[in-house]
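S.K.: Each number in the numbering used here corresponds to the 1-based position in the sequence shown with 140 added.
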Amino acid sequence: MVRSVIQGIGSYVPPRVVTNDELARLFTTSDEWIRTRTGIEERRFAEEGTTCSDLALQAAQKALEDAKLGPTDLDLIIFATLSPDHHFPGSGCYLQAKLGAKNVGCLDVRNQCTGFVYSMTVADALIRTGSYRNILVVGSEIHSSALDFSDRGRDVAVLFGDGAGAAVFSASNGDDRGVLYTELHADGEFTRALCMDIWDISHKPFITAENLESGKIWPQMDGRTVFKHAVTRLVETVTRTLARNGLKPEDVKYVFPHQANLRINQMVAEKLNMPKEKFLSNIQKYGNTTAASIPLLLDETYRAGKLERGDLLLIIAFGSGFTWGSALIKW
Ligand SMILES: CC(C)(COP(=O)(O)OP(=O)(O)OC[C@H]1O[C@@H](n2cnc3c(N)ncnc32)[C@H](O)[C@@H]1OP(=O)(O)O)[C@@H](O)C(=O)NCCC(=O)NCCS
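1) Answer with buried or exposed for A349, where buried requires no fewer than 16 other C-beta atoms within 10 angstroms of its C-beta.
2) Measure the C-alpha to C-alpha separation of G148 and T212 and round it to an integer number of angstroms.
3) Taking the C-alpha atoms as reference points, what is the distance between G459 and R294?
4) Judging by CA-CA distance, which residue of N274, W358, L299, Y394 is the nearest neighbour of T441?
5) My output table needs one value for R175: the three-state DSSP class, helix, strand or coil.
6) Are there three or more Cβ pairs, one per stretch, closer than 8 Å when the stretch 255-275 is compared with the stretch 201-219?
7) Which class does Q399 belong to by DSSP, given the choice of helix, strand or coil?
8) Can you tell me which of L324, S285, G318 puts its alpha carbon nearest to the alpha carbon of P359?
9) Cα-Cα, which of L299, E281, V262, S151 is closest to M361?
10) Thinking C-alpha only, which one of L374, C192, V153 is nearest R403?
11) If we ignore side chains and look at the alpha-carbon of each, how far apart do V366 and C246 end up?
12) Three or more beta-carbon pairs under 8 Å between the stretch 423-437 and the stretch 248-264, yes or no?
13) What did DSSP end up calling E205 once you bin it into helix, strand or coil?
14) Taking only runs of the beta strand (DSSP E) that begin and end inside the stretch 422-462, which ones reach a length of at least 3 residues, in chain order?
15) Which residue comes first and which comes last in the alpha helix (DSSP H) that contains F367?
16) Name the DSSP bridge partner or partners of Y234?
17) Should G150 and A199 be called a contact, given that it needs their Cβ atoms to be closer than 7 Å?
18) Does ligand 1 have a heavy atom nearer than 6 Å to the CB of F228?
19) For G427, is the classification buried or exposed, using 16 other Cβ atoms within 10 angstroms of its Cβ as the cut-off for buried?
20) Check whether the Cβ of T191 sits closer than 6 Å to any heavy atom of ligand 1, and report yes or no.
21) With a 10 Å radius around its C-beta and 16 neighbouring C-beta atoms as the bar for buried, classify K123 as buried or exposed.
22) Sort T261, D340, K344, R332 by Cα distance to V308 and report the nearest one.
23) Evaluate N160 with the Cβ neighbour count: other Cβ atoms within 10 Å of its Cβ, from every protein chain shown; 16 or more gives buried, anything less gives exposed.
24) In this structure, how does DSSP classify N413 when only helix, strand and coil are distinguished?
25) Rounded to whole angstroms, how far is the Cβ of I469 from the Cβ of G305, which I believe are closer than 8 Å?
26) Measure from the alpha carbon of D439 to the alpha carbon of each residue in G465, A203, I174, then state which is nearest.
27) Identify which residue in V371, R184, L334, G363 has its Cα closest to the Cα of Q356.
28) Should P397 be labelled buried (16 or more other beta-carbon atoms within 10 Å of its own) or exposed?
29) Have a look at L454, C233, R384 and flag the residue whose alpha-carbon is nearest the alpha-carbon of M414.
30) Any heavy atom of ligand 1 closer than 6 Å to the CB of V408?
31) Please list the segments of the alpha helix (DSSP H) lying wholly inside the stretch 226-271, counting only runs of 4 or more residues, in order along the chain.
32) Exposed or buried, A265, counting other C-beta atoms within 10 Å across all chains shown (16 or more means buried)?
33) D302 and R184 - do their beta-carbons sit closer together than 7 Å?
34) Could you spell out where the beta strand (DSSP E) holding V145 opens and where it closes?
35) Can you list, in chain order, the residues of its chain with a C-beta nearer than 7 Å to that of R292? Leave out the 5 residues immediately preceding and following it.
36) Output the boundary residues of the alpha helix (DSSP H) element that contains A349.
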């Protein structure tokens with residue numbers, strides 16, 4: 141039986157650290173407000189001129205090195221982002237050229253904070269067909285140039301940071317390790333609860349001065365609705381994932397939740413009666429890096445030597461769309 145295993149993993153964050161106090165100099169907020177409501181202490185912002193594929197390149201090179209593979213060993217690049225280099229072509233093509241993975245197919249996934257889970261599900265399914273052996277899955281985001289750093293946008297601006305994470309999924313025969321299960325969900329009734337319009341393709345011209353002036357170009361969020369649905373959906377998805385795989389919470393070594401808000405993840409752990417320490421976090425250092433958050437957390441945990449062969453890892457994510465999902469991996 142062919143399974144997909146994580147053969148290599150890597151991540152990258154830009155060096156510039158931005159503290160909560162620094163944000164408090166730009167608009168009305170405080171370190172205390174941000175920490176107590178979100179758990180975030182600092183985040184990274186890239187230098188102006190840096191694109192999402194630039195960050196992805198750094199993470200991808202580390203993942204390939206870890207997998208002991210070269211760029212042309214890849215059969216496909218799947219690129220998850222909500223902050224692409226340009227509207228088109230997809231960021232996967234920009235990354236492919238920078239990486240030197242000539243002629244390797246590229247697929248962009250636009251599923252926001254659930255982007256990595258959607259992407260790895262596609263990678264896993266393609267590998268299990270037997271036609272693909274090595275697929276690079278990248279999540280990368282430049283949020284810092286697309287946040288409203290005024291009082292109007294402060295609820296969103298404090299949450300997000302820049303970063304990238306990547307994993308090489310490879311075919312493995314006769315191995316009981318690898319991706320065991322994934323599930324994906326969405327509820328399009330909530331597209332307006334967390335969105336960024338920038339432009340409206342039904343209008344000519346599709347970008348107007350009014351859009352710029354009114355603030356429509358910035359992300360909009362109904363924070364309470366997002367919070368409430370995130371907790372409910374994540375609890376549901378963990379419960380179903382465990383039940384469908386005949387597992388108990390104690391069988392899982394670590395949960396790798398998307399890093400949106402420390403309080404969301406702690407509440408999910410509490411409702412599931414699972415120890416909070418099992419729910420790993422690095423949101424304190426990076427804020428919400430959307431599609432990058434899960435591979436970034438996986439990479440840090442792996443490089444800290446915390447993962448042993450055979451460990452059962454549960455990945456969960458929720459985000460704009462609304463979209464959500466889970467993945468169960470035997471390391
Ligand atoms: C954004 C979030 C932290 C706000 O926390 P909250 O406790 O719901 O706060 P509220 O939105 O009720 O706002 C409370 C007050 O703080 C104010 N406020 C909002 N942002 C603020 C900021 N950065 N600093 C200080 N005050 C702020 C509000 O204006 C409001 O003031 P008011 O009571 O005078 O009207 C919280 O809703 C959240 O985390 N939601 C989920 C967001 C998320 O995860 N998004 C990504 C999903 S992938």
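Think of the CB as a built atom: it goes at the ideal place given N, C-alpha and C, for glycine as much as any other residue.
M.R.: According to the data block:
1) Translated into positions along the sequence shown, residue 349 becomes position 209. Burial check for A349: the Cβ neighbour count within 10 Å stays below 16, so the residue is exposed.
2) Within the sequence shown, the letter at position 8 stands for residue 148. Within the sequence shown, the letter at position 72 stands for residue 212. Cα to Cα, the separation comes out at about 15 Å.
3) Walking along the sequence shown from the start, residue 459 turns up at place 319. Walking along the sequence shown from the start, residue 294 turns up at place 154. Taking the straight line from one Cα to the other gives about 19 Å.
4) In the sequence shown, residue 441 corresponds to position 301, counting from 1. Closest option to T441, Cα to Cα, is Y394.
5) Position 35 of the sequence shown holds residue 175. Helix.
6) yes
7) Residue numbering aside, residue 399 sits at position 259 when the sequence shown is read from its first letter. Residue state, collapsed to three classes: coil.
8) On the sequence shown, residue 359 is found 219 positions in, with the first residue counted as 1. Of the candidates L324, S285, G318, the one whose C-alpha sits nearest the C-alpha of P359 is S285.
9) Residue numbering aside, residue 361 sits at position 221 when the sequence shown is read from its first letter. Answer by Cα proximity: L299.
10) Indexing the sequence shown from 1 puts residue 403 at position 263. The shortest Cα separation from R403 among L374, C192, V153 belongs to L374.
11) For the purposes of this step, residue 366 is taken as the residue at position 226 of the sequence shown. For the purposes of this step, residue 246 is taken as the residue at position 106 of the sequence shown. The straight-line gap from Cα to Cα measures roughly 31 Å.
12) Between the stretch 423-437 and the stretch 248-264 there are three or more C-beta pairs closer than 8 Å, enough to call the two in contact.
13) Translated into the one-based positions of the sequence shown, residue 205 becomes position 65. Note: E205 maps to helix in three-state DSSP.
14) 452-459
15) In the sequence shown, the residue the question calls residue 367 occupies position 227. Run containing F367: 363-384, per the alpha helix (DSSP H) assignment.
16) On the sequence shown, residue 234 is found 94 positions in, with the first residue counted as 1. DSSP, once it has assigned bridges, lists no residue as partnering Y234.
17) In the sequence shown, counting from the first residue as 1, residue 150 sits at position 10. In the sequence shown, counting from the first residue as 1, residue 199 sits at position 59. Yes, the pair counts as a contact, with Cβ atoms nearer than the cut-off.
18) For the purposes of this step, residue 228 is taken as residue 88 along the sequence shown, with counting starting at 1. Outside the cutoff, so no.
19) Along the sequence shown, read from residue 1 onward, the residue named residue 427 stands at position 287. G427 should be labelled buried.
20) To locate residue 191, count along the sequence shown from 1; it is residue 51. Answer for T191: no, Cβ out of range of ligand 1.
21) Summary: the structure shown does not reach residue 123, with the chain confined to residues 141 through 471, and so no result is reported for it.
22) Position 168 of the sequence shown, counted from the first residue, corresponds to residue 308. When only C-alpha atoms are compared, the closest one is T261.
23) For the purposes of this step, residue 160 is taken as the residue at position 20 of the sequence shown. N160 is buried by the Cβ-count criterion.
24) Taking the sequence shown and counting its residues from 1, one reaches residue 413 at position 273. Correct three-state label for N413: coil.
25) Taking the first residue of the sequence shown as position 1, residue 469 is located at position 329. Taking the first residue of the sequence shown as position 1, residue 305 is located at position 165. 15 Å between Cβ atoms; not a contact.
26) Against the sequence shown, residue 439 aligns to sequence position 299. Checked all of G465, A203, I174; the closest Cα to D439 is A203.
27) Within the sequence shown, residue 356 is the residue found at index 216, counting from 1. First, the amino acid is wrong: residue 356 is Lys here, not Gln. Comparing Cα-Cα distances from K356 to each of V371, R184, L334, G363, the minimum goes to L334.
28) In the sequence shown, the residue the question calls residue 397 occupies position 257. In the assembly as shown, P397 is a buried residue. Its beta-carbon has 16 or more other beta-carbons within 10 Å.
29) As a first step, residue 414 must be located in the sequence shown, where it is residue number 274. The candidate whose alpha carbon is nearest that of M414 is L454.
30) For the purposes of this step, residue 408 is taken as the residue at position 268 of the sequence shown. Flag unset: Cβ of V408 not near ligand 1.
31) 231-239, 255-268
32) Working through the sequence shown from its first residue, we reach residue 265 at position 125. By the 10 Å Cβ count, A265 comes out exposed.
33) The sequence position of residue 184 within the sequence shown is 44, counting from 1. The sequence position of residue 302 within the sequence shown is 162, counting from 1. Yes, the Cβ-Cβ distance between R184 and D302 is below 7 Å.
34) Position 5 of the sequence shown, counting from 1, holds the residue named residue 145. Run containing V145: 142-152, per the beta strand (DSSP E) assignment.
35) In the sequence shown, counting from the first residue as 1, residue 292 sits at position 152. Counting only Cβ-Cβ distances below 7 Å, and skipping sequence neighbours, we find G355.
36) In the sequence shown, the residue the question calls residue 349 occupies position 209. Residues 349-354.
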